[in-house]
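Each protein sequence line maps, in turn, to chains A and B. Anchor point for the first sequence: position 17 equals 16 in numbering that gives the first Met the number 0, and the numbering is continuous, going up by one each time. Anchor point for the second sequence: position 363 equals 362 in numbering that gives the first Met the number 0, and the numbering is continuous, going up by one each time. Cβ atoms here follow ideal geometry from the backbone N, Cα and C, with glycine treated the same way. First comes the structure, then the notes that go with it.
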Amino acid sequence: MTAVRIPPVLRAQAGNQKRVEVDGATVGEALDALLVQFPDLREQLFSGEGSLNRFVNVYVNGRDVRYEQELATPVKESDEVILLPAMAGGR
Amino acid sequence: MSKSYRDLLREARAAVREVDTAETELAAERGAIVIDVRETSEWEQGHIGGAQHVSKSYIEQEIESVAPDRSTPVVLYCAGGIRSLFAAQTLMSMGYADVASMRGGFQAWKTEGRAFSTPVVLSAEQKQRYSRHLLIPEVGAAGQARLLDSRVLFIGAGGLGSPAMLYLAAAGVGTIGIVDFDVVDASNLQRQVIHRTDRVGMPKTESAALTIAELNPDVRVVAHPEALGEDNVDRLIEGYDLVLDGTDTFETRYTLNDAAVRAGIPVVHASVFRFEGQLSVFVPHEGPCYRCLYPTPPPPELAPGCSVAGVLGVVPGVMGLLQATEAIKVLLGIGDPLVGRLLIYDALDGAFSELQLRRDPHCPACGDGQPVETAGDGVFIFSPAPGATTGAATGVSA
């Protein structure tokens, strides 16, 4: 199981959970497993063509998957996947 | 057996190597640390350029922070060459292996017509006001003078801008520019601590200027009561050393980012949502910019601001003060600013975490291609770098 950290902006669509444990050998598989549990997250994470939205960054152990193998980036049991959407709030 | 001053001086002369002014100059060129051991009032009237100041009365306490490596050559001087002899003896007894005292002291240096520098002199009030800064070697009188000479532009006098502004004004940042088109609203007061209850309805730039004037008369406030946009951004940021981004719309953040990259001005960025904050420092072409981090903004319905989603008042307080801290580090050139790193604060967990950011070589704002013009609303018209593939380098984002 790999832990996916759900950011505050997305928690409403993820049963208000902060961390969700999922199965999968790659980032793509882990996120697919997450969407099976929480289908409402799909619109936030993926574009219509099935690629990751560019306003959401995905990190595996602190490294941006855009500079790794994108959705094919492998994940292991002990890895932590962090979803990080842009936030604008400042006032 | 008691010793007279003459005895002590004779012993010191026998134990300490003395050098003349020319040898001191040469030693400094070769990496020796030159230390002025006179009193502060003497130092302020002029000293050898590049020398460090450690008064003889503090030499035991402070030498290790000035010269941590005991094998580094050190040359001490005072006014006439006596105090530096005794101070040199002290350093030798502490294990400094290569210590010398400059014969004739600063008087000889000046008499020979050698160049010296006169430090920025803080007024008596400033010495008292900034005394805790003056005690820190990384700031000191030179750093304080630099802060007083610095110009920082705040985009937004809101949740992030308020605490950052208060502390940078207190720290003596000499010029604070404020861009904000809004007026103070009662719902702001839960977190926007630069404003006051009796100022509801007053322009935020005016309210902030009033508070800063009460806090520190050294600070000049430049009010820009207008909305930041493509039409005025270049004019607004021109001449500032650093910009503190405390806005709450993506449009403004991208507009600011692109202009700051064009002008080569560092931006200290933070954003907040309910219990969480993000922080980074964008130094153009040294590290990633905001567009490298988030190439495109999310649609508005997926990214509510504070006015829709709410925010715990202290969270922008924490993040704003971290912005102020990073701003001081960048202005003084000390420490490791958060360049290429994103700091995340989770208030409910009481936890900080850090992510590594990378510069995107295809970034339409700071990448290797040449941006031609911005067409407003974050849309970029972009010409790819020679040799770059067109598909990867064409950036249109809105």
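| Asked | Found |
| --- | --- |
| Inter-residue Cα distance where the pair is B:Q191 and B:G319 | 10 angstroms |
| Positions along the stretch 245 to 279 of chain B whose CB lies within less than 8 angstroms of some CB in chain A | G245, T246, D247, T248, F249, R252, A269, S270, V271, F272, R273, F274, E275 and Q277 |
| Beta-carbon neighbours of B:R12, restricted to chain C and to distances below 9 angstroms | Judged by its chain identifiers, the structure shown contains no chain C, and its protein chains are A and B. |
| Residue-chain proximity (A:P38, chain B), Cβ-Cβ < 9 angstroms | no |
| Proximity winner among B:V98, B:F272, B:G30 and B:E285, relative to B:G312 (alpha-carbon distances) | B:F272 |
| Rounded straight-line distance, which links the Cα of A:V64 to that of B:R357 | 11 angstroms |
| Residues of its chain near B:A31, where Cβ-Cβ distance is below 6 angstroms and the 5 sequence neighbours each way are ignored | P72 and V74 |
| Other residues of its chain near B:G173: CB distance less than 8 angstroms, five sequence neighbours each side excluded | L146, L147, D148, S149, R150, D217, V218 and R219 |
| B:A346 vs B:F274 beta-carbon contact at 9 angstroms | yes |
| Contacts of B:T295 in chain A (Cβ-Cβ under 9 angstroms) | N52, R53, F54 and A85 |
| Counted within 10 angstroms of its Cβ, other Cβ atoms place B:G366 as buried (16 or more) or exposed | buried |
| A:N56 (DSSP reduced to helix, strand or coil) | strand |
| Below-9 angstroms beta-carbon distance, B:V232 vs any chain A residue | no |
| Residue from B:G171, B:A99 and B:A107 whose Cα sits closest to the Cα of B:Q127 | B:G171 |
| B:R102 - containing alpha helix (DSSP H), residue span | Per DSSP, B:R102 belongs to no alpha helix (DSSP H) and is neither H nor E. |
| Cβ-Cβ distance between B:Y76 and B:F105 below 9 angstroms | yes |
| B:I264, DSSP secondary structure in three states | coil |
| Close-in-space but distant-in-sequence residues of the same chain around B:V232 (CB under 7 angstroms, 5 per side omitted) | T254, L255 and A258 |
| Status (buried if at least 16 other CB within 10 Å, exposed otherwise) for B:D359 | buried |
| Nearest-angstrom Cα separation, counted from B:A27 out to B:I343 | 44 angstroms |
| Cross-chain neighbours of A:D63 in chain B, by beta carbon under 8 angstroms | L354, Q355, L356 and R357 |
| contact_flag[the stretch 48 to 58 of chain A, the stretch 8 to 28 of chain B] where n(CB pairs < 8 angstroms) is 3 or more | no |
| Within chain B, the residues that A:P7 reaches when beta carbons sit closer than 7 angstroms | F272, R273, F274 and E275 |
| Per-residue DSSP class, three states only, for B:I211 | helix |
| 9 angstroms Cβ cutoff met for B:E41 and B:P136 | no |
| DSSP-derived helix/strand/coil call for B:T71 | coil |
| Cross-chain neighbours of B:V310 in chain A, by beta carbon under 8 angstroms | G88 |
| DSSP beta-bridge partners of B:P202 | B:V182 |
| Limits of the unbroken alpha helix (DSSP H) element including B:A11 | Y4 to A14 |
| In chain order, each beta strand (DSSP E) run of at least 3 residues that lies wholly inside the stretch 231 to 287 of chain B | 241 to 244, 266 to 272 and 275 to 281 |
| Option nearest B:E205 by Cα separation, candidates B:E124, B:P294, B:F153 and B:V182 | B:V182 |
| Between the CA atoms of B:S279 and B:E353 - distance to the nearest angstrom | 10 angstroms |
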